[in-house]
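Residue numbers (this note's numbering), protein chains in the order written: chain A, 1 to 319; chain B, 1 to 319. Every residue gets a Cβ at the ideal spot worked out from N, C-alpha and C, and that includes glycine. It should be emphasised that the depicted structure is a prediction, and the values quoted were computed from it without experimental measurement. Right, one structure below, let's go through it.
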């Protein structure tokens, strides 16, 4: 007995919904996919980072989840495809086209297929289902909505499109405000509502609370579906020991006026989830989390590799 | 003295317009580009073969001319790029996308840049000027018009889009009729009119008379610009010894009710050009060509390599 649940712990009846941004959420999705029976995981993915490049609809978070779950992601960077080539990108640069966002040759196929399907009138939800099926996935990858929502951040340089801030300018600007253009016209899809209604576990991934999880929760109708769900809800802190494992979450907590700690994140999720997972390193914050009305859980949350992802997923599934 | 004109034969004042389809025309363009002073060649290119693939505007003849003149064409097949890779295509096939028309990774950059520029409202003429400039060309590559014209062929299987007939079905259908959808709404661009007005030599490349040269000549206004031009006009036969060097020209001559010979082509161009070039192999047809009111010229027309292209180009330039 090593303390880890064996295969007999897989409850084939349990259905899980994960709210996810990009790399960190995708890694958690991968652990949950292995921990659950096939087809029992739905990943609700932020689309606020989506943008148009060279006429193509690029969906960074959706594709990171897709590639990770299909075991095609680049293991070093966490996004993009393994064994990718960059011939088209190089030719684009020679033609003077923008090259700040790097599109790999194989990745391009995803954007081409998606863009054309959208133009033919297929929904983004439908397109992602097609792509997931083509890559052999049973997990459902659900865009948070089918309407275009665009995250923008206010900085001293003015309002920036998210990828401008995130990739082109390398997250160097202090974020003073975050907005989700178009979100009032969006609505939770039938697929998202059904997934939440059928779930017995909803997990908020350790993704950025402001630009990955917030837009999902703000899609009209989605929060209500979550509240009406009978599922146990649990959030995993993206902040460990006062640092973000990846991306600008720590800088945003600070610049947006929150405490730079897992507790600062817990306060954001107060009233949204039943349980809040702290890393071992933050065990001392457990009483403060409890005082927010959430059950604190202390677990090793740093998913350094597939075994850690699976162990964390199994721990989350266990009540 | 080897009989070939030396550099002193380059008349810097002479301006040449070539009417061209794909591979054969591109090879002639390449010879003319070397034979003329820089910037003195304009190539008027058929766009009836253009089509949309995965939302991208693909212009096979324009790109073949572009790549050939920029010395980037695949020397074996005559179209596409040298040292091309096919990663995106392979990924597209895995996603179930159509793969009957092969798009190379580097070639894709051209289609992406063009499609986006067109979407932004740039004309096809403007886009091709941008691409030619990016690849360092001084020769002008002019689409026959900016409007969408689509060549279709009537067969026993019904009306087929040109690329359906040409690539997907491998030219196996007997062509009973050719039509250029949208050509009545097209018009000769200012750039095409100017090039014809300024030319002292207009060459009809040994391209397919029915699907490469005919659409160009049928663009409203273009034929009049050609007739009003003071240029000497000359056509090169695509049929040598009763065979087409490439493509379905011979089969079309036959199925559309013409004599399968260079003379059959000469009859099509009677009244259009002043001179008609026969290959050495067809010298016996010279009197018949003369009787059509065209000056017959007998030259080695088979452009097996760069030296032959240059020699033919120089011979055409010489009155």
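Let's test the definition: count the other Cβ atoms within 10 Å of the Cβ of residue 191 of chain A and tell me whether it reaches 16, buried, or not, exposed. Buried: at least 16 other Cβ atoms inside 10 Å.
Residue of A:43, A:65, A:162 and A:128 minimising C-alpha distance to residue 101 of chain A: Closest by alpha carbon: A:162.
Can you tell me the Cβ-Cβ gap for residue 280 of chain A and residue 300 of chain A, rounded? I've got them flagged as a contact below 8 angstroms. Right, their Cβ atoms sit about 6 angstroms apart.
Hey, is residue 96 of chain B's beta-carbon within less than 8 angstroms of any beta-carbon in chain A? Yes, residue 96 of chain B counts as interfacial toward chain A.
For residue 177 of chain B, which three-state DSSP category applies? Correct three-state label for residue 177 of chain B: strand.
What number of angstroms, rounded off, separates the C-alpha of residue 46 of chain A from the C-alpha of residue 165 of chain B? In a straight line, the C-alpha of residue 46 of chain A is about 43 angstroms away from that of residue 165 of chain B.
Any chain B beta carbon closer than 8 angstroms to residue 115 of chain A: Proximity of residue 115 of chain A to chain B, defined by a Cβ-Cβ separation below 8 angstroms, is satisfied.
Decide yes or no for the touch test of the region 228-248 of chain A against the region 207-215 of chain A: beta carbon pairs closer than 8 angstroms, at least 3 of them. The region 228-248 of chain A, when compared against the region 207-215 of chain A, does touch it at the 8 angstroms Cβ threshold.
Can you check whether the C-beta of residue 138 of chain A is within less than 8 angstroms of a C-beta belonging to chain B? For residue 138 of chain A, the answer is no, since every Cβ of chain B falls outside 8 angstroms of its Cβ.
Hey, residue 62 of chain B and residue 183 of chain B: beta-carbon distance below 8 angstroms or not? For residue 62 of chain B and residue 183 of chain B, no; Cβs fall outside 8 angstroms.
Does the beta carbon of residue 119 of chain A sit closer than 8 angstroms to a beta carbon anywhere in chain B? For residue 119 of chain A, the closest Cβ of chain B is nearer than 8 angstroms.
Decide if residue 304 of chain A is buried, meaning its Cβ has at least 16 other Cβ atoms within 10 Å, or exposed. Exposed, since its Cβ has fewer than 16 Cβ neighbours within 10 Å.
Check whether the Cβ of residue 47 of chain A lies closer than 8 angstroms to any Cβ atom in chain B. No - not a single Cβ of chain B is within 8 angstroms of the one on residue 47 of chain A.
Compute the distance between the beta-carbons of residue 207 of chain A and residue 21 of chain A, then report whether it is under 8 angstroms. Cβ atoms of residue 207 of chain A and residue 21 of chain A: closer than 8 angstroms.
Would you mind giving the Cβ-Cβ distance between residue 113 of chain A and residue 97 of chain B, rounded to the nearest angstrom? I have them listed as a contact below 8 angstroms. In this structure residue 113 of chain A touches residue 97 of chain B by the C-beta definition: roughly 5 angstroms separates them, less than 8 angstroms.
Could you list which residues in chain A have their beta carbon closer than 8 angstroms to that of residue 88 of chain B, in chain order? Residues of chain A whose Cβ lies closer than 8 angstroms to the Cβ of residue 88 of chain B are, in chain order, 88, 105, 106, 108, 109 and 112.
Quick one: grab the DSSP three-state call for residue 122 of chain A. Reduced to three states, the DSSP call for residue 122 of chain A is coil.
Can you tell me where the alpha helix (DSSP H) holding residue 34 of chain A begins and where it ends? Membership of residue 34 of chain A in the alpha helix (DSSP H) is indicated by the continuous run 23-35.
For a quick check, are the C-beta atoms of residue 288 of chain A and residue 263 of chain A less than 8 angstroms apart? Yes, these two residues count as a Cβ contact at 8 angstroms.
Which residues bound the beta strand (DSSP E) around residue 52 of chain B? 51-53 is the span of the beta strand (DSSP E), which, as asked, contains residue 52 of chain B.
With a cut-off of 8 angstroms, does the C-beta of residue 54 of chain A fall near any C-beta of chain B? True, the Cβ-Cβ gap to chain B drops below 8 angstroms.
Helix, strand or coil at residue 39 of chain A [DSSP, three-state]: Residue 39 of chain A falls in the coil class under three-state DSSP.
Just the chain B side, please: which residues come within less than 8 angstroms of residue 85 of chain A by C-beta, in chain order? 85, 87 and 105, listed in chain order.
DSSP puts residue 16 of chain A in a beta bridge; with which residues? Per the DSSP secondary-structure output, residue 16 of chain A pairs in a beta bridge with A:41 and A:201.
Kindly indicate which three-state DSSP category residue 106 of chain B falls into: helix, strand or coil? Of the three classes helix, strand and coil, the one that applies to residue 106 of chain B here is helix, per DSSP.
On the criterion of 16 or more Cβ atoms from any shown chain inside 10 Å, does residue 33 of chain A qualify as buried, or is it exposed? Buried, because 16 or more other Cβ atoms sit within 10 Å of the Cβ of residue 33 of chain A.
How about residue 205 of chain B and residue 18 of chain B: do their beta carbons lie closer than 8 angstroms? Yes, they are a contact pair.
Output the distance between the C-alpha atoms of residue 228 of chain B and residue 117 of chain A, rounded to the nearest integer angstrom. About 47 angstroms.
Could you work out which residue in A:276, A:180 and A:309 is closest to residue 298 of chain A when comparing CA atoms only? Looking at the Cα atoms, A:276 is the closest of the given residues.
Which chain B residues sit within Cβ distance under 7 angstroms of residue 91 of chain A? Residue 91 of chain A reaches chain B at 106 and 109, counting residues in chain order whose Cβ is nearer than 7 angstroms.
From residue 57 of chain A to residue 309 of chain A, what does the alpha carbon distance come to, in whole angstroms? If you draw a straight line from the Cα of residue 57 of chain A to the Cα of residue 309 of chain A, it comes to about 30 angstroms.
Could one say the Cβ of residue 131 of chain A lies closer than 8 angstroms to chain B's Cβ atoms, at least one of them? For residue 131 of chain A, a Cβ of chain B is located within less than 8 angstroms of the residue's own Cβ.
For residue 223 of chain B, the nearest candidate out of B:241, B:242, B:254 and B:188 (CA to CA): Residue 223 of chain B has its Cα closest to that of B:188, out of B:241, B:242, B:254 and B:188.
Can you tell me whether DSSP reads residue 82 of chain B as helix, strand or coil? In the structure shown, residue 82 of chain B sits in coil (DSSP, three-state: anything other than H, G, I, E or B).
With a cut-off of 8 angstroms, does the C-beta of residue 29 of chain B fall near any C-beta of chain A? Taking Cβ atoms only, chain A never reaches closer than 8 angstroms to residue 29 of chain B, which makes this a no.
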